[in-house]
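Undergrad:
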Amino acid sequence: MKKSKAFWGFLVLALVIYAVVQGMISGGMLDLYYQNILIQMCINIMLAVSLHIVIGITGQFSIGHAGFMAVGAYISAIATMKLGLPLIVAILLGAVISALAGLLVGIPTLRLKGDYLAIATLGFAEIIRIIFLNVEYVGGAAGMVVTNMTTWTYAFVGVVITILVIANFTNSRHGRGCISIREDEIAADAMGINTTYYKVVAFTIGSFFAGIAGAIYAHNFFIIQPTTFNFLKSFDILIYVVLGGLGSLSGSAIAAIFLTLVSAYLANFPETRMIIYSVVLIIVMLYRPTGLMGTKEITSLFKFGKKGGSKV
Amino acid sequence: MTEKKTLKRFASVFLASSLIVGALAGCSSSEEGTTTTTSGGSSSGSSDSSEVIKIGANLELSGAVASYGSSIGKGAELAVEEINAAGGIDGKQIELVKVDNKSENSEATNAAIKLATQDKVTAMIAPATSGNVIATAQIANQYKIPTVTASGTAPNVTENEDGSINDYVFRTCFIDPFQGIVAANFATELGAKNVAIYADNSSDYAKGLAASFKQQIEANGGKVVAEEAYVAKDVDFKSTLTNLKSKNPEFIFIPGYYEEVGLIVKQARELGIDVPLMGADGWDSPTLVELAGKDALNNTFITNHYSSQDPEETIQGFVKAFEGKFNESPNAFHALGYDTVYFIADAIKRAGSTDGEAIQKALAETTDLSLITGTFSVDEKHNPVKSATVLEYVDGNQKFNSKVNP
Chain A
1 MKKSKAFWGF
11 LVLALVIYAV
21 VQGMISGGML
31 DLYYQNILIQ
41 MCINIMLAVS
51 LHIVIGITGQ
61 FSIGHAGFMA
71 VGAYISAIAT
81 MKLGLPLIVA
91 ILLGAVISAL
101 AGLLVGIPTL
111 RLKGDYLAIA
121 TLGFAEIIRI
131 IFLNVEYVGG
141 AAGMVVTNMT
151 TWTYAFVGVV
161 ITILVIANFT
171 NSRHGRGCIS
181 IREDEIAADA
191 MGINTTYYKV
201 VAFTIGSFFA
211 GIAGAIYAHN
221 FFIIQPTTFN
231 FLKSFDILIY
241 VVLGGLGSLS
251 GSAIAAIFLT
261 LVSAYLANFP
271 ETRMIIYSVV
281 LIIVMLYRPT
291 GLMGTKEITS
301 LFKFGKKGGS
311 KV
Chain B
1 MTEKKTLKRF
11 ASVFLASSLI
21 VGALAGCSSS
31 EEGTTTTTSG
41 GSSSGSSDSS
51 EVIKIGANLE
61 LSGAVASYGS
71 SIGKGAELAV
81 EEINAAGGID
91 GKQIELVKVD
101 NKSENSEATN
111 AAIKLATQDK
121 VTAMIAPATS
131 GNVIATAQIA
141 NQYKIPTVTA
151 SGTAPNVTEN
161 EDGSINDYVF
171 RTCFIDPFQG
181 IVAANFATEL
191 GAKNVAIYAD
201 NSSDYAKGLA
211 ASFKQQIEAN
221 GGKVVAEEAY
231 VAKDVDFKST
241 LTNLKSKNPE
251 FIFIPGYYEE
261 VGLIVKQARE
271 LGIDVPLMGA
281 DGWDSPTLVE
291 LAGKDALNNT
301 FITNHYSSQD
311 PEETIQGFVK
321 AFEGKFNESP
331 NAFHALGYDT
341 VYFIADAIKR
351 AGSTDGEAIQ
361 KALAETTDLS
371 LITGTFSVDE
381 KHNPVKSATV
391 LEYVDGNQKF
401 NSKVNP
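Protein chains in written order, with full-length UniProt numbering: chain A, 1 to 312; chain B, 1 to 406.
#1: Can the beta-carbon of A229(B) be found less than 9 Å from the beta-carbon of Y198(B)?
#2: Hey, could you find the ends of the alpha helix (DSSP H) I252(B) is sitting in?
#3: Would you say T227(A) reaches chain B, if we count a Cβ-Cβ gap shorter than 9 Å as a contact?
#4: Measure the alpha-carbon distance for G163(B) versus I181(B) and round it to whole angstroms.
#5: Starting from the N-terminal side, write out each stretch of the alpha helix (DSSP H) that is 4 residues or longer and does not extend beyond the region 222-271 of chain B.
#6: Spell out whether any CB of chain B is found under 9 Å from the CB atom of Y217(A).
#7: If we count the other Cβ atoms within 10 Å of its Cβ and call it buried at 16 or more, is P226(A) buried or exposed?
#8: Please name the residue, chosen from I161(A), L133(A), T228(A), A202(A), that lies closest to R176(A) on a Cα-to-Cα basis.
#9: Pull up the distance between the alpha-carbon of Y205(B) and that of N194(B), whole angstroms please.
#10: Are the beta-carbon atoms belonging to I252(B) and V235(B) less than 9 Å from one another?
#11: Leaving out five residues before and five after T170(A) in sequence, what residues of the same chain have Cβ atoms less than 8 Å from its Cβ?
#12: How far does the beta strand (DSSP E) with Y342(B) in it extend, from its first residue to its last?
#13: Looking only at DSSP bridge pairs, what is V105(A) linked to?
#14: Going straight from the alpha carbon of A111(B) to that of S62(A), what length do you get?
#15: At 8 Å on the CB atoms, spell out the chain B contacts of V145(A), in chain order.
#16: What's the gap between the Cα of G282(B) and the Cα of S370(B)?
#17: Please list the partners that D100(B) has in chain A, where partner means a Cβ-to-Cβ separation under 7 Å.
#18: Using a C-beta cutoff of 9 Å, does Y33(A) count as contacting chain B?
#19: Just mark M191(A) as buried or exposed, buried being the case when its beta carbon has 16 or more other beta carbons within 10 Å.
#20: Per DSSP, which one or two residues make a beta bridge with N277(B)?
#21: Give the single residue among L259(A), S300(A), A267(A) whose Cα lies nearest to the Cα of S62(B).
#22: With three or more beta-carbon pairs closer than 8 Å as the criterion, would you say the region 2-18 of chain A touches the region 127-134 of chain A?
#23: Quick check on the DSSP output: what are the complete alpha helix (DSSP H) runs of length 4 or more inside the region 72-116 of chain A, in order along the chain?
#24: Name the chain A residues that come within less than 9 Å of N105(B), Cβ to Cβ?
#25: Pick out whichever of I372(B), A347(B), D368(B), T367(B) has its Cα sitting closest to the Cα of Q360(B).
#26: Could you give the C-beta distance for A364(B) and H382(B), rounded to a whole number, given that I count them as a contact under 8 Å?
#27: Check whether the Cβ atoms of residue 493(B) and G256(B) sit closer than 9 Å, and answer yes or no.
#28: Taking the C-alpha atoms as reference points, what is the distance between A19(A) and G72(A)?
#29: Chain A beta carbons: is any one of them nearer than 9 Å to that of Q179(B)?
#30: Give the single residue among F213(B), I273(B), V224(B), K214(B) whose Cα lies nearest to the Cα of F237(B).
#31: According to DSSP, what are the bridge partners of G374(B)?
#32: If you count every other CB in all the chains shown that lies within 10 Å of the CB of D115(A), and 16 or more means buried, which is it?
#33: By DSSP, does A128(B) sit in helix, in strand, or in coil?
#34: For the pair the region 149-159 of chain A and the region 97-116 of chain A, tell me if three or more CB-CB distances fall below 8 Å.
#35: Does the CB of Q316(B) have a neighbour CB from chain A at under 9 Å?
#36: How many angstroms separate the CA atom of N401(B) from the CA atom of A335(B)?
Structure below.
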């Protein structure tokens with residue numbers, strides 16, 4: 001009962017935000033600059049939330065998320081530019097192939113733990129990048145020129161679906177299984193939870209949504225190059241999740257919004273841009289060592305004094 | 001205990017909500033600012049540009065290729081200063097608006113959108129690398145802002161895959177294939193018949209150069225006896241170099257960037273490969289000399305956009321002015337950035353207005369414009385037709401060797 005209330009509440013909120021922003025766009029109040037920032041924000045939220053399910057919920061330290069983004073980006077770009085498929089089909093195709101890649105990588109690597117898993121995922125992301133680098137069909141190092149087809153609507157719908165699916169997954173039986181792995185893998189194993197299975201499921205879902213984000217990214221920025229998806233991109237995504245608070249979905253989303261805005265604003269100060277950006281990160285981590293939201297969700301903040309609210 | 005928790009919750013709610021509110025307020029307030037300027041219409045836009053002409057510089061000021069972007073920025077700064085000191089363009093001062101694109105495609109697009117919609121620039125200096133220029137090309141076309149890249153050398157910067165031209169994109173540098181052709185002709189001049197190519201396989205720049213070099217050398221009657229490749233960030237090239245050595249080439253063409261090339265040259269000389277080595281403008285960095293060592297660099301050549309040792313008077317004047325301002329010797333990127341501003345300024349002057357379409361037309365019609373990196377005319381593909389300079393490394397210093405006309 002409570003869960004479905006949150007579900008509908010979120011949907012209504014999303015609709016209201018969409019209506020307001022769309023109204024402002026059609027009213028000419030938001031020009032391309034702001035639309036572009038909004039789209040970027042949406043892409044970053046999708047990336048952050050899709051990594052959140054792997055790191056924040058399941059507790060698996062993956063630093064190869066940009067690899068799945070690259071798969072989504074390239075597959076969808078091939079679908080639209082080379083095969084002439086409509087964008088929506090391309091996005092889904094990119095996401096599905098990305099999920100398959102996640103499954104493929106997840107099965108062998110998720111038996112690893114901690115640092116070892118991190119290295120394996122990093123290695124995988126690099127392999128993906130090098131493959132695209134050497135395939136002439138997608139332009140190799142020169143990259144692939146992609147027509148701009150996304151609108152704010154695509155990006156926003158993507159975010160809503162990502163958040164809904166991942167939030168519901170977290171509150172489901174499978175989600176609880178994943179959380180138990182995060183809390184104590186040995187105990188979870190002892191309780192009869194198939195840890196590898198749940199880890200692979202979380203990983204695959206994460207890759208699926210990273211694929212959607214990649215597809216929207218590819219169709220917003222005119223060109224995709226293998227260098228775009230290097231390990232620094234993975235770290236950017238990791239920063240959203242850690243800064244927002246490991247284990248908090250709304251935290252990672254808020255951090256993605258926050259850092260996108262900081263980055264966009266700082267473009268005015270080219271000389272000190274990266275310094276200020278880094279200082280912001282350090283300050284946040286100093287004053288909120290568990291991230292902006294800790295492990296709490298924004299919804300749980302409104303349930304003051306109540307005990308046993310869903311603190312996921 | 002519970003009170004404390006509640007307090008904490010309040011604090012985090014406050015923090016989160018203030019973040020969101022702040023973000024929204026930031027958006028709406030600055031957006032109000034823009035709407036007021038746009039509501040004034042384009043007429044007010046042109047009237048306040050009677051005071052200054054804004055030229056945006058969308059450059060790699062941080063990130064992987066920051067050295068290119070900031071060099072172009074410095075060159076552009078000097079040019080703007082000179083033009084303004086000489087009274088500006090038809091009495092209007094130039095204002096350079098610099099934006100950092102972090103050497104990333106998406107940031108290059110963002111920066112271009114920002115320059116077009118927020119700063120409302122008259123013209124733009126596009127990023128230094130080809131991929132980033134492509135990321136801005138459609139914005140330039142859409143907003144009709146003439147955009148000139150100083151060093152984006154890939155052919156598809158101005159020409160799309162389907163053969164159409166990006167109307168508002170131009171460049172100050174020659175394109176990749178041209179450098180390959182010059183290098184091939186130079187090898188033939190040296191009397192080399194059997195040549196080898198060792199290219200950076202992770203860079204389209206190097207691959208483009210290698211392809212045109214091969215084509216030209218074969219047309220000149222030479223033979224490519226070996227073709228090897230490396231990947232950026234490699235550090236050990238000895239096995240491949242040994243392989244190359246066994247084929248006995250008389251000349252090795254190594255298109256790539258200075259970081260790897262420095263090590264390749266050093267390791268090649270260590271292995272006893274003493275034939276002439278040649279590269280292109282990607283070699284041009286003081287780091288190359290540090291990595292390879294002065295002795296190893298002897299008998300190596302590069303094609304470049306210009307040489308600071310070119311005896312021509314205008315070039316020496318530029319070198320002096322640059323050294324006076326920045327206390328360093330100008331490299332090719334400095335010179336190209338400098339030229340880019342003069343190229344744009346010349347077009348604005350001839351167009352007689354700050355209207356994008358008029359400037360675009362003037363840029364396309366540029367003929368025999370004499371600049372530091374050569375006298376050039378713009379061809380129908382928006383590429384300059386200009387000369388290239390061949391430089392030789394002698395004891396760690398670049399020596400002017402010859403100038404090659406197209």
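Glycine residues also receive a C-beta, built at the ideal position from the N, C-alpha and C atoms.
Please read all numbers here as calculations on a predicted model, not as lab measurements.
TA: In short:
#1: Yes.
#2: That residue, I252(B), is in no alpha helix (DSSP H); its beta strand (DSSP E) goes 251-253.
#3: Yes, its Cβ sits closer than 9 Å to a Cβ of chain B.
#4: As the crow flies, the alpha-carbon of G163(B) is around 22 Å from that of I181(B).
#5: DSSP runs (the alpha helix (DSSP H)) wholly in the region 222-271 of chain B: 238-246, 258-270.
#6: By this cut-off, Y217(A) is an interface position.
#7: Note on P226(A): 16 or more other CB atoms within 10 angstroms of its CB, so buried under the neighbour-count rule.
#8: Residue A202(A) is the option with its Cα nearest to R176(A).
#9: A straight line joining the alpha-carbon of Y205(B) with that of N194(B) spans about 23 Å.
#10: No, Cβ-Cβ distance for I252(B) and V235(B) is not below 9 Å.
#11: The residues are I53, I57, C178, I179, L249, V312.
#12: First-last for Y342(B): 332-351, but that is the alpha helix (DSSP H), not the beta strand (DSSP E).
#13: According to DSSP, V105(A) bridges with nothing at all.
#14: Looking at the two C-alpha atoms, the distance is approximately 31 Å.
#15: Chain B residues near V145(A): I134, N156, N160, E161.
#16: Between G282(B) and S370(B), the C-alpha separation is close to 24 Å.
#17: In chain order: A267, P270, R273.
#18: Y33(A) counts as touching chain B.
#19: The residue in question, M191(A), is exposed, as its Cβ has fewer than 16 Cβ neighbours within 10 Å.
#20: Sequence check: residue 277(B) is Leu here, not Asn. Bridge partners of L277(B) according to DSSP: I252(B), T300(B).
#21: The candidate whose alpha carbon is nearest that of S62(B) is A267(A).
#22: Because the criterion of three Cβ pairs below 8 Å is not met, the region 2-18 of chain A and the region 127-134 of chain A do not touch.
#23: As far as the region 72-116 of chain A is concerned, its whole alpha helix (DSSP H) runs of at least 4 residues are 87-109.
#24: In chain order: G143, F221, F222, I223, I224, Q225, T227, T228.
#25: Nearest option by C-alpha distance: A347(B).
#26: In this structure A364(B) touches H382(B) by the C-beta definition: roughly 7 Å separates them, less than 8 Å.
#27: A query on residue 493(B) cannot be resolved here, the shown segment of chain B reaching from 1 to 406 and no further.
#28: Answer to the nearest angstrom: the Cα atoms are 28 Å apart.
#29: By this cut-off, Q179(B) is not an interface position.
#30: By alpha-carbon distance to F237(B), the top candidate from F213(B), I273(B), V224(B), K214(B) is I273(B).
#31: Within the DSSP bridge table, the entry for G374(B) names L371(B) as partners.
#32: Classification of D115(A): exposed, given that the 10 Å Cβ count is below 16.
#33: In this structure, A128(B) counts as coil in the three-state DSSP scheme.
#34: Verdict: no, contact absent.
#35: The Cβ of Q316(B) sits no closer than 9 Å to any Cβ of chain A.
#36: Going by C-alpha positions, N401(B) is about 18 Å away from A335(B).
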